[in-house]
Amino acid sequence: MVVARGWFCKMPQRNDVSWVVMIAGYVGQELYNDAIKCFHWMLSDGNAQPNEAVLVSVLSACAHLGALDQGKWVHIYIERSERVQSSNISIALIDMYAKCGQIDCTKHVFNGTGKRDLLTWTSMISGFSMHGLGREALEFHSGRVEEGLSIFYEMEHSWGIAPKPEHYGCLIDLLSRSGQLKSAFESVRIMYCSRIRSGILKEYVLFKNKAFLIFRHAITS
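Written out as structure tokens, the structure reads:
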């Protein structure tokens with residue numbers, strides 16, 4: 001990053017792409033304080049406006065540091081900029097507030113999210129679980145299964161979005177957390193991904209229910 005910063009400083013004019021590369025690079029190298037400093041440098045420079053990638057990276061840095069004040073400042077900046085709050089930004093805000101221990105703020109962000117996808121639901125449930133709020137997670141999760149399934153099945157038919165591994169992962173998480181392990185098992189047979197198989201295996205172990213079946217499927221496929 002030292003070399004990258006050297007070249008970055010030599011640029012006569014920095015655009016949004018160059019700022020994204022630097023800030024995301026700092027986050028990727030776990031230099032979270034430097035990422036936040038670079039963000040403020042970008043704002044003071046004034047030649048480029050923070051885009052979604054920059055905001056998500058900065059919120060990730062705040063989440064890892066537990067920098068609640070910085071995270072709130074970024075949130076206020078987003079609201080004042082009157083930009084449309086995308087799913088990625090909502091998820092980043094939920095993750096940041098959850099890691100900073102602000103569960104009420106995670107609820108506020110979630111409730112203010114217009115179009116919630118499976119990743120948004122999962123991030124909210126994970127936020128509850130992160131703080132040992134298992135009952136709240138289950139209460140929040142119950143009743144959302146049908147909505148989650150509807151979103152998943154409408155992705156391709158209504159919106160033309162082909163489900164990716166992470167979407168299948170969310171579907172399996174949705175089903176297994178609600179106790180619908182057989183349905184989750186059928187889904188995992190469709191999606192041959194070791195990471196997803198590991199996730200459902202964990203749920204089988206937690207529910208003490210025939211974990212060897214999914215393990216056998218994992219090693220024979």
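Each residue of the sequence shown is one higher than the one before, starting from 1 at the first, in UniProt numbering.
Glycine is no exception: its CB is placed at the ideal position from the N, C-alpha and C atoms.
Since we're looking at a predicted model, the values are computed, not measured.
Check	Outcome
Pro12 versus Glu30 - alpha carbon distance	27 Å
Own chain partners of Leu59 with C-beta closer than 7 Å, once the 5 adjacent residues on each side are dropped	Gly71, Val74, Ala92, Leu93 and Met96
Closest Cα partner of Ala61 within the set Ala35, His40, Tyr77 and Ser18	Ala35
For Met1, three-class secondary structure by DSSP	coil
Cβ pair Ser57, Ile23 closer than 8 Å	yes
Residue of Val17, Gly101 and Glu79 minimising C-alpha distance to Ala67	Gly101
First and last residue of the uninterrupted alpha helix (DSSP H) at Arg80	Leu68 to Arg80
Selection from Gly114, Asp69 and Met42 that minimises the alpha carbon distance to Asn88	Gly114
Separation of Ser18 from Asn47, as counted between CA atoms	11 Å
Closer than 8 Å to chain D by CB, Trp19	Among the chains of the structure shown, chain D does not appear; only one protein chain is present.
Candidates His108, Tyr32 and Met42: closest to Val20 by CA position	Met42
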